[in-house]
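Notes follow once the structure below has been shown.
Number of protein chains: 2
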Amino acid sequence: MGNEIALFRSFISKKGLRNTPEREEIIKEIFSSHDHFDVDELYLRLRQKGSRVSKASIYRNIPLIMESCLIREVWHEDGHMHYEHIYGHGHHCHLRCIQCGKVIEFVDQDLFEIEKRLGTKYDFEILEHRLDVIGYCSECRQHAAAAGDRS
Amino acid sequence: MGNEIALFRSFISKKGLRNTPEREEIIKEIFSSHDHFDVDELYLRLRQKGSRVSKASIYRNIPLIMESCLIREVWHEDGHMHYEHIYGHGHHCHLRCIQCGKVIEFVDQDLFEIEKRLGTKYDFEILEHRLDVIGYCSECRQHAAAAGDRS
DNA sequence: ATTATTGTTGAAACTAAATTGCAATAGGAG
DNA sequence: CTCCTATTGCAATTTAGTTTCAACAATAAT
Ligand SMILES: [Mn+2]
Ligand SMILES: [Mn+2]
Ligand SMILES: [Zn+2]
Ligand SMILES: [Zn+2]
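If you read the protein sequences in the order shown, they are chains R and W.
Heads up: the first sequence begins at 0 in numbering that gives the first Met the number 0, then just goes up one per residue.
Heads up: the second sequence begins at 0 in numbering that gives the first Met the number 0, then just goes up one per residue.
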């Protein structure tokens with residue numbers, strides 16, 4: 000999978016916009032890792048590799064990368080937005096540890112049933128669902144138990 | 000239901016904090032409507048009723064009101080956080096129209112099954128789930144169809 | 001190849017949400 | 001009532017995100 004660049008290039012061209020080295024650097028850096036990311040992190044990663052791309056350019060290009068369906072917003076945390084890949088990643092939801100921040104991705108077919116049921120009941124044309132399940136992972140629960148904080 | 004005030008009062012006392020007229024005004028105003036709300040809106044509602052409570056006090060008290068389980072964060076939209084009642088409101092999820100902003104609250108028992116399944120599979124102690132289902136409501140779909148935008 | 005058009009860039013200014021420092025005030029325990 | 005210290009309003013600050021602007025560069029036309 001190194002197709003993101005080509006896809007984004009053609010998306011940009013089709014919109015009558017221009018392919019620039021900055022756009023290439025940004026999209027490459029985003030897809031150089033499979034993790035969830037945020038703007039600041041991405042900016043630092045680019046800088047560390049010697050790129051001179053500005054934060055303004057990242058902020059300006061993220062909406063385009065979302066529009067091209069390569070990434071999407073996942074959650075707003077610590078005062079800023081976080082993103083993840085869509086391309087090459089398939090639909091999934093998140094199980095998150097409130098203590099250590101661990102994230103587990105999962106897919107549950109029943110959610111599509113629920114979606115369908117809701118669409119019928121409330122006469123909605125449903126585009127997507129986002130389920131976040133939050134709690135304590137096994138490590139964090141063990142630590143808490145050892146410390147005697149919770150049951 | 001006018002019990003929120005008493006509950007918050009005793010929560011504040013138990014924490015060794017102080018009950019003030021500002022806290023009373025804020026909690027009363029929050030529970031004077033059943034709608035989702037944000038800080039600015041709440042501030043304006045208070046001012047219109049002649050309250051002199053500052054925004055800083057609202058920002059300082061919202062975390063306490065959340066800690067007392069009377070309200071919670073629902074979603075971050077238009078650059079700021081939105082909240083909703085928990086007390087007197089029961090757990091529910093949201094179906095939202097991406098076009099007009101309409102929000103429908105629903106409860107689906109299958110979600111608790113999914114929760115349970117995930118807890119077992121990934122060894123998590125689950126605290127809660129949040130499901131947002133987004134799409135177009137029937138009115139918005141009709142308008143779009145009339146305008147010939149989508150199928 | 002040259003030129004014209006116009007989208008893109010980095011830097012800096014700006015906006016708005018949320019937080020914090022501070023001096024004045026006021027709960028509430030004793 | 002007295003004292004201790006939490007809370008308040010205000011203003012300053014911080015930070016995410018947007019916008020302005022002049023220099024630049026991708027692309028199409030000539
Ligand atoms: Mn993910
Ligand atoms: Mn709700
Ligand atoms: Zn954990
Ligand atoms: Zn609608």
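All C-beta atoms, glycine included, are put in the ideal place defined by N, C-alpha and C.
*Tell me the start and end of each unbroken alpha helix (DSSP H) in the segment 38–105 of chain R that is at least 4 residues and wholly inside, in chain order.*
The qualifying runs are 38–47 and 54–66.
*Considering G118 of chain R, what are the terminal residues of the alpha helix (DSSP H) in which it resides?*
Run containing G118 of chain R: D109 to Y121, per the alpha helix (DSSP H) assignment.
*Below 8 Å on the Cβ atoms is my guess for Y135 of chain W versus Q98 of chain W; work out the distance and round it to an integer in Å.*
About 6 Å separates the two Cβ atoms, so the contact holds.
*Compute the Euclidean distance between the alpha carbons of R44 of chain R and A55 of chain R, then round it to the nearest angstrom.*
Taking C-alpha positions only, R44 of chain R is separated from A55 of chain R by approximately 15 Å.
*Give a yes or no on whether 8 Å exceeds the smallest Cβ distance from C136 of chain R to chain W.*
It does; some Cβ of chain W falls within 8 Å.
*Return yes when the C-beta of E72 of chain R is under 7 Å from any heavy atom of ligand 1, and no when it is not.*
For ligand 1, not one heavy atom lies less than 7 Å from the Cβ of E72 of chain R.
*Identify which residue in R:G78, R:C96 and R:L69 has its Cα closest to the Cα of H88 of chain R.*
Taking only the C-alpha atoms, the option nearest H88 of chain R is R:L69.
*For F30 of chain R, does the three-state DSSP call read helix, strand or coil?*
Looking at F30 of chain R - three-state DSSP - the assignment turns out to be coil, as it is neither helix nor strand.
*So is A144 of chain R in contact with chain W if we call contact Cβ pairs under 8 Å?*
Not an interface residue.
*asked:* What I want to know is whether the C-beta of E127 of chain W ends up closer than 7 Å to one or more non-hydrogen atoms of ligand 2.
replied: Not one heavy atom of ligand 2 lies closer than 7 Å to the C-beta of E127 of chain W.
*Proximal residues of chain R, C-beta to C-beta of D77 of chain W below 9 Å*: Near D77 of chain W there are no residues of chain R at all, since even the closest Cβ is about 12 Å away, more than 9 Å.
*Spell out whether any CB of chain R is found under 8 Å from the CB atom of V102 of chain W.*
Not an interface residue.
*Listed in chain order, which residues of the segment 104–120 of chain W have Cβ atoms closer than 9 Å to some Cβ of chain R?*
So the list reads F105, D107, D109, L110, E112, I113, E114, R116, L117, G118 and K120, given in the order they occur along the chain.
*Under the three-state reduction of DSSP, which class applies to R129 of chain R: helix, strand or coil?*
Note: R129 of chain R maps to strand in three-state DSSP.
_Shorter than 7 Å, the distance from the beta carbon of H35 of chain W to the closest heavy atom of ligand 2, or not?_
In this structure, ligand 2 has a non-hydrogen atom nearer than 7 Å to the beta-carbon of H35 of chain W.
*Can you tell me which of the three DSSP states R149 of chain R falls into?*
Model confidence at R149 of chain R stands at a pLDDT of 47, short of 50, so the residue's coordinates are unreliable and nothing is read from them.
*Select from R:V102, R:D131, R:G118 and R:S137 the residue whose C-alpha is nearest the C-alpha of T119 of chain W.*
Per the C-alpha coordinates, the member of R:V102, R:D131, R:G118 and R:S137 positioned closest to T119 of chain W is R:S137.
*With respect to the alpha helix (DSSP H) encompassing R17 of chain R, which residues constitute its N-terminal and C-terminal limits?*
First-last for R17 of chain R: undefined, no H or E at that position.
*Element boundaries [alpha helix (DSSP H), containing F10 of chain R]*: Per DSSP, F10 of chain R belongs to the alpha helix (DSSP H) from E3 to K13.
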